[in-house]
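Peer 1:
Chains as they are written, first to last, in my numbering: chain A, 0 to 111; chain B, 264 to 376.
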């Protein structure tokens with residue numbers, strides 16, 4: 000069964016600290032993996048997208064890594080800000096189809 | 264703002280009523296997707312269009328649900344005879360091609376009384 004699992008389910012960190020969110024997937028064959036940020040009551044916004052051949056991709060303070068062999072990805076947030084408080088969703092695209100498999104997300108809260 | 268627009272943002276209705284939501288995608292995007300998201304869960308795929316053609320439907324899309332994109336621009340999602348379990352956020356997304364990032368609207372939150 001194609002699945003995407005994220006950990007932790009929720010995370011609270013102090014402003015200025017770094018954190019890493021994890022994503023494990025079983026989707027196969029794999030096309031690409033995306034990380035989205037979703038603020039409460041808003042739609043998801045794309046942070047990064049990585050294909051099979053890419054190991055790392057950065058977008059400002061966000062750095063995503065991908066290990067296609069172990070089917071694991073991580074999203075590292077550096078020097079967190081209060082505005083980083085949101086749900087971060089890992090999304091895997093199945094190769095050969097047009098739908099996406101979404102994880103349930105990690106709810107990040109950054110406190111001052 | 265040239266992002267994906269959805270309306271209404273909120274809809275409250277009684278069980279058994281019909282509801283219709285509208286999505287206006289980014290103008291040059293030919294792909295349009297509908298998702299449903301319940302609290303604490305990631306979005307679940309419902310259906311997608313390429314231009315005006317509905318190319319894929321999830322098994323989640325029961326016969327009470329119908330989606331259209333008549334001119335390949337905006338799309339509507341109708342739910343007939345709403346049930347309590349239909350309460351969710353309904354998200355619309357669009358993309359230029361299947362492998363491009365999907366741009367999401369802010370959704371329509373449906374509450375069934």
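A virtual CB, placed ideally from N, CA and C, is assigned to each residue, including glycine. Since the model is a prediction, treat every value here as computed from it, not as a measurement.
Identify each residue in the stretch 360 to 375 of chain B for which the Cβ-Cβ distance to at least one residue of chain A is less than 9 Å, and report them in chain order.
Peer 2: 361, 362, 363, 364, 365, 366, 367, 368, 369, 370, 372
Peer 1: Would you verify that the beta carbon of residue 59 of chain A is, or is not, closer than 9 Å to some beta carbon of chain B?
Peer 2: The count along the first chain starts at 1 and reaches residue 59 of chain A at position 60. Not an interface residue.
Peer 1: For residue 13 of chain A, which three-state DSSP category applies?
Peer 2: Locating residue 13 of chain A in the first chain gives position 14, counting from the first residue. Strand at residue 13 of chain A.
Peer 1: Using DSSP's beta-bridge definition, name the partner residues of residue 307 of chain B.
Peer 2: If you number the second chain from 1, residue 307 of chain B lands on position 44. Its beta-bridge partners are B:299.
Peer 1: When you compare the CB of residue 101 of chain A with every CB in chain B, is at least one pair closer than 9 Å?
Peer 2: As a first step, residue 101 of chain A is located in the first chain; it is residue number 102 there, counting from the start. With 9 Å as the cut-off, residue 101 of chain A counts as an interface residue toward chain B.
Peer 1: In this structure, how does DSSP classify residue 94 of chain A when only helix, strand and coil are distinguished?
Peer 2: The residue given as residue 94 of chain A occupies position 95 in the first chain. Here residue 94 of chain A sits in coil by DSSP.
Peer 1: Can the beta-carbon of residue 8 of chain A be found less than 9 Å from the beta-carbon of residue 106 of chain A?
Peer 2: For this step, residue 8 of chain A is matched to residue 9 along the first chain. For this step, residue 106 of chain A is matched to residue 107 along the first chain. Contact: yes.
Peer 1: For the candidate residues B:323, B:297, B:372, whose alpha-carbon lies nearest to that of residue 340 of chain B?
Peer 2: If you number the second chain from 1, residue 340 of chain B lands on position 77. Measuring from the Cα of residue 340 of chain B, the nearest candidate turns out to be B:297.
Peer 1: Please check the pair residue 295 of chain B and residue 311 of chain B, which I expect to be a contact at CB under 8 Å, by giving their CB distance rounded to whole angstroms.
Peer 2: As a first step, residue 295 of chain B must be located in the second chain, where it is residue number 32. As a first step, residue 311 of chain B must be located in the second chain, where it is residue number 48. About 7 Å separates the two Cβ atoms, so the contact holds.
Peer 1: Could you compute how far the alpha carbon of residue 85 of chain A sits from the alpha carbon of residue 16 of chain A?
Peer 2: For this step, residue 85 of chain A is matched to residue 86 along the first chain. For this step, residue 16 of chain A is matched to residue 17 along the first chain. Residue 85 of chain A and residue 16 of chain A: Cα-Cα distance of roughly 16 Å.
Peer 1: Using 9 Å as the limit for Cβ to Cβ distance, is residue 306 of chain B near chain C?
Peer 2: Here chain C cannot be found, since the structure's protein chains are A and B.
Peer 1: Where does the unbroken beta strand (DSSP E) through residue 331 of chain B begin, and where does it stop?
Peer 2: Taking the second chain and counting its residues from 1, the one referred to as residue 331 of chain B is at position 68. Unbroken beta strand (DSSP E) run through residue 331 of chain B: 328 to 331.
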